[in-house]
Amino acid sequence: MGLNKKNKNKILHILTHLFIIVLGFMMIYPVLWMIISSFKPNNMIFSDPGLIPKAVTIENYISGWKGYAGTTFGRFFTNSFILCLGSVLGNLISCTMAAYAFARLKFTGKNFWFAIMMVTLMLPGQVTLVPRYIMFNTFGWVGTTLPLLAPKYLATDAFFVFLLVQFFRSLPKELDEAAIMDGCGKFGVFFRIILPLAKPALVTTSLFTFLWTWDDFMSPLLYLTKPDTYTVSRALRTFVGDAGSVANWGGALAMATLSLIPPFILFFSLQKYFVQGISTTGLKG
Amino acid sequence: MSGKSKVKRYLKKNSSAYIFLAPWLLGFFALTVYPMIYSLWLSFTNYNFSQPNSTVWIGFGNYAKMFGSLFGISEFTTSNGELIRTDPYYIKALTVTFKYVFISVPLKLIAALFLAMLMNQKIRGVSIYRAIYYIPTLLGGSVAIAVLWRKLFEKDGLVNLFLGVLGFVDLPSWITNPRYALGPLILLTVWQFGSSMIIFLAGLKQIPQEFYDAASVDGANPVRQFFSITIPLLSPVIFFNLVMQLIYAFQSFTQAYIIGGGRGGVLNSTLFYTLHLYIQGWAYREMGYASAMAWVLLLIIGGITFVVFKSSNLWLSYGTGE
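Protein chains in written order, with my numbering: chain A, 1395 to 1679; chain B, 114 to 435.
Listed below in structure tokens is the structure:
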């Protein structure tokens, strides 16, 4: 007799769901295992591949929190948050300004500058790495967060300029014209019309600036030389010895777990901005 | 008189735009143009950060230092008498990086496209699935995941525990065995296919269902439909993903750094290009040489992007399904 077409489709449907769920579970298994292992006693982490702990302890969190060179993770988290918020503010100010000029204002050489901006989008950062280091060193900035913060106030993240230009262009021009008729200047239009309407793009910009700064490892590695200025990502590296061995695995997994909480919260509370940001501009995420 | 009013007009027309553009312009000149010129100059010198005063021009010395070992040269003298040893690890770093990029990026895009197609069927719960599959991308770039990854692939790590349960014996340490060490890093990159998947999913939604209906009526099976409808219509998105992921992959640093403990792993099996650059520039302070390496990286990335752009004429279609 065999299956009719409808039943066949239904089975195919269920199999698809099943496949997606099983694969999805396998994909996030390592993360789940890390979270749960961070609550296992140190000697059980190695022997237990399962998700249900045989014993629960917060010992790892206590030992991990002690941090490095007398500085606790409380300090590292504070440093990371300050750096992230400072970077978000910088990008919001500088990138929106540049994007407004490119999207809305007429000026000599606009196409030229816009093309240049698009080229910098593709430029690998390594080419400017050494000279920037030498330059910041002569300023006496190595060892402070200034080399990480200052570039954000100069719109060096061209990706966000591009994202904002795209968004500003999609806003109806009639609004600007009406505002100008009512006596608004270019600054008025920027603050009263463009910025309030661009909220979704501003959220996307803030979100990814925060995440990338939070995860950034190379800049802190180069510039943050004193333990009390370390960010969380830089501090996590101190768990890994020079040959790659890790003495306190429990503490490492515990602090690693804590470090993932802010990205998680941002992701689940602002999911639609993620999807929007990624699918409209291809943010690498 | 007319010249003056011209200037006035020019200022009137441009001043406010340039005020808005000022931070970007300043950043562009101070943090991009000037550093690029500076690093180009450095790349032709033996600049060492510890002794900048003894810097001398060595012409293409740094570039010869990179590729000299290819020709069996172990040391050479520059025109002004500087003795330079060729870098025995540069070619290794280049090979490792190319292997990593050209295995991980295609696998990542295939995984992303496959999952995007599964989710593009009219099934419920797509937004939840999408969120779950995005989690690795969300977290994957962090030091935390790199530390975890090392744990997973060690000799007594989670991966071997599972393989042991499945009956495999004599399992290697995937991290310290140079034959396999690149594997975990490739897997870590492929694992983060979530954002490419979301981009593909958005692209797939743009393809009208009628095309598939019409193809079905004409008797085209799903495989045929995939190659005749999905791939051509999605090609701009595939192209975009490919270029972005290639550029991104060449610059990978954090994961290799953490998993190798700040070095290139056993026998330099995971010595990524940027990691080698970092070690040369910051551990050995050879910043002239590091600058030259950065310029070669720029040329490699630029060259590959150019080739992809050029070849896209052959397979890219912006049309309506022809």
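Note that beta-carbon positions come from the ideal geometry of N, C-alpha and C, so glycine has one too.
Determine the chain A residues that contact residue i at a beta-carbon separation under 8 Å, and present them in chain order.
i: B:Ala244; result: Phe1661, Phe1662 and Gln1665
i: B:Trp304; result: Met1421
If you check the beta carbons only, do residue i and residue j fall under 8 Å apart?
i: B:Leu355; j: B:Leu155; result: no
i: B:Ser217; j: B:Thr302; result: yes
i: A:Gln1670; j: A:Pro1614; result: no
i: A:Ser1488; j: A:Leu1543; result: no
i: B:Arg243; j: B:Ile344; result: no
i: A:Leu1630; j: B:Ala257; result: yes
i: B:Ala57; j: B:Leu384; result: Nothing can be reported for residue 57 of chain B, as the shown portion of chain B is limited to 114 through 435.
i: B:Pro136; j: A:Ala1549; result: yes
i: B:Asn127; j: A:Thr1502; result: yes
i: B:Lys205; j: B:Asn334; result: no
i: A:Leu1409; j: A:Trp1427; result: no
i: B:Leu346; j: B:Ile320; result: yes
i: B:Gln368; j: B:Ala259; result: yes
Taking the straight line between their C-alpha atoms, what separation do you get for residue i and residue j?
i: B:Phe275; j: A:Lys1434; result: 19 Å
i: B:Asp326; j: B:Ile342; result: 11 Å
i: A:Pro1657; j: A:Pro1621; result: 23 Å
i: B:Thr191; j: B:Ile171; result: 6 Å
i: B:Phe313; j: B:Gly185; result: 46 Å
i: A:Asp1442; j: A:Tyr1423; result: 14 Å
i: A:Phe1602; j: B:Asn426; result: 33 Å
i: B:Phe422; j: B:Ser404; result: 27 Å
i: B:Trp428; j: A:Leu1616; result: 42 Å
i: A:Tyr1462; j: A:Asn1642; result: 12 Å
i: B:Thr433; j: B:Leu252; result: With a pLDDT of 45 at B:Thr433, under the threshold of 50, the predicted position of this residue should be treated as unreliable, and no value is reported.
i: B:Leu307; j: B:Ile371; result: Residue identity differs from the one stated: residue 307 of chain B is Gly in this sequence, not Leu. Computed Cα separation, rounded: 22 Å.
i: A:Met1420; j: B:Gly254; result: 19 Å
i: A:Val1536; j: A:Tyr1547; result: 18 Å
i: B:Lys318; j: A:Lys1666; result: 17 Å
i: A:Phe1668; j: A:Thr1598; result: 7 Å
i: B:Arg263; j: B:Ile288; result: 7 Å
i: B:Gly394; j: A:Trp1608; result: 24 Å
i: A:Ser1663; j: A:Ile1452; result: 27 Å
i: A:Ile1405; j: A:Gly1418; result: 20 Å
i: B:Pro249; j: A:Glu1571; result: 45 Å
i: A:Phe1556; j: A:Ile1510; result: 12 Å
i: A:Phe1440; j: B:Gly270; result: 7 Å
i: B:Met114; j: B:Val120; result: Here B:Met114 scores only 48 on pLDDT, less than 50, and its place in the model should not be relied on; the value that follows carries that caveat. When rounded, the distance between both Cα atoms is 10 Å.
i: A:Ile1672; j: B:Thr199; result: 43 Å
i: B:Tyr123; j: B:Leu134; result: 16 Å
i: B:Ile132; j: A:Met1491; result: 9 Å
i: A:Arg1469; j: B:Ala294; result: 34 Å
i: A:Val1450; j: A:Ser1432; result: 9 Å
i: B:Phe141; j: A:Met1438; result: 53 Å
i: B:Val379; j: B:Met179; result: 21 Å
i: B:Glu435; j: A:Asn1398; result: Note that B:Glu435 has pLDDT 36, beneath the 50 cutoff, so the model's placement of it is unreliable and the number below is only indicative. Cα-Cα distance, rounded: 35 Å.
Counting only Cβ pairs nearer than 9 Å, list the residues of chain A close to residue i.
i: B:Val169; result: Near B:Val169 there are no residues of chain A at all, since even the closest Cβ is about 17 Å away, more than 9 Å.
i: B:Ala315; result: Val1669, Ile1672, Ser1673 and Thr1674
Residues of chain B with CB under 7 Å from residue i, in chain order?
i: A:Lys1460; result: Per Cβ cutoff of 7 Å: no residues; A:Lys1460 is ~17 Å from chain B at best.
i: A:Phe1633; result: Val260
i: A:Met1491; result: Phe133 and Pro136
i: A:Ala1549; result: Pro136, Trp137 and Gly140
i: A:Ile1405; result: Within chain B, no residue comes near A:Ile1405; the closest Cβ sits about 14 Å away, beyond 7 Å.
Residues of chain A with a CB under 7 Å from the CB of residue i: which are they?
i: B:Ile414; result: Pro1518
i: B:Trp287; result: None at all; the shortest Cβ gap to chain A is about 13 Å.
i: B:Val282; result: Within 7 Å Cβ-Cβ: nothing; B:Val282 doesn't reach chain A, min ~16 Å.
i: B:Phe419; result: Residues of chain A passing the Cβ test: none, with the nearest at roughly 11 Å.
Would you mind telling me which residues of chain B sit closer than 9 Å to residue i, beta carbon to beta carbon, in chain order?
i: A:Met1357; result: An answer regarding residue 1357 of chain A cannot be provided, because it is not within the stretch 1395 to 1679 covered by chain A.
i: A:Asp1576; result: In chain order: nothing, as chain B lies at least about 18 Å away.
i: A:Phe1425; result: Looking at the sequence itself, residue 1425 of chain A is Val, so the reference to Phe does not match. By Cβ distance, chain B contributes Ile248, Pro249, Leu252, Ile258 and Leu261.
For residue i, return the contacting residues in chain B, with the cut-off set at a CB-CB distance below 8 Å.
i: A:Tyr1494; result: Phe133
Exercise. Is it a yes or a no for the region 1465-1474 of chain A touching the region 1625-1640 of chain A, going by three-plus beta-carbon pairs under 8 Å?
Worked result: Counting C-beta pairs closer than 8 Å gives three or more between the region 1465-1474 of chain A and the region 1625-1640 of chain A, which meets the contact rule.
Exercise. Where in the region 1531-1558 of chain A do unbroken runs of the alpha helix (DSSP H), each at least 4 residues long, occur, reported from the N-terminal end onward?
Worked result: The alpha helix (DSSP H) runs lying completely inside the region 1531-1558 of chain A and spanning 4 residues or more are 1540-1543, given in chain order.
For this session: Determine contact between the region 1557-1569 of chain A and the region 1490-1497 of chain A, defined as no fewer than three beta-carbon pairs at a distance below 8 Å.
Result: By the C-beta criterion, the region 1557-1569 of chain A is judged to be in contact with the region 1490-1497 of chain A, since at least 3 inter-stretch pairs fall below 8 Å.
Exercise. How about the region 203-223 of chain B and the region 353-368 of chain B: do they share at least three Cβ pairs that are nearer than 8 Å?
Worked result: Under the three-pair Cβ rule at 8 Å, the region 203-223 of chain B counts as touching the region 353-368 of chain B.
For this session: Only counting runs of 4 or more residues, tell me where the alpha helix (DSSP H) segments fall wholly within the region 1599-1625 of chain A, in order along the chain.
Result: DSSP runs (the alpha helix (DSSP H)) wholly in the region 1599-1625 of chain A: 1612-1617.
For this session: Say whether the region 1575-1588 of chain A touches the region 1644-1656 of chain A, bearing in mind that this needs 3 or more beta-carbon pairs closer than 8 Å, one atom from each stretch.
Result: The region 1575-1588 of chain A vs the region 1644-1656 of chain A: no contact.
For this session: Tell me, please, whether the region 1511-1519 of chain A touches the region 407-421 of chain B by the rule of three or more beta-carbon pairs shorter than 8 Å.
Result: Output reads yes: the region 407-421 of chain B touches the region 1511-1519 of chain A.
For this session: Assess, as a yes-or-no matter, whether the region 1521-1530 of chain A is touched by the region 391-401 of chain B under the definition of 3 or more beta carbon pairs within less than 8 Å.
Result: Remark: three or more beta-carbon pairs, one from each stretch, lie closer than 8 Å, so the region 391-401 of chain B and the region 1521-1530 of chain A are flagged as touching.
Exercise. Between the region 322-336 of chain B and the region 171-182 of chain B, do three or more beta carbon pairs fall short of 8 Å?
Worked result: Output reads no: the region 171-182 of chain B does not touch the region 322-336 of chain B.
For this session: Pick out the complete alpha helix (DSSP H) segments inside the region 301-377 of chain B, 4 residues or longer, and give them in chain order.
Result: You should have 307-318, 322-330, 335-338, 344-363 and 367-372.
Problem set entry | Minimum length 4: unbroken alpha helix (DSSP H) runs contained in the region 1436-1477 of chain A | Whole alpha helix (DSSP H) segments, 4+ residues: 1436-1439 and 1453-1459.
Exercise. Quick one: complete beta strand (DSSP E) runs, 3+ long, within the region 127-178 of chain B?
Worked result: If we require 3 residues or more, the region 127-178 of chain B turns out to have no beta strand (DSSP E) run fully inside it.
Exercise. Taking only runs of the alpha helix (DSSP H) that begin and end inside the region 228-301 of chain B, which ones reach a length of at least 4 residues, in chain order?
Worked result: Counting only runs of at least 4 residues, the region 228-301 of chain B fully encloses the following alpha helix (DSSP H) elements, listed from N- to C-terminal order: 239-253, 256-265 and 271-278.
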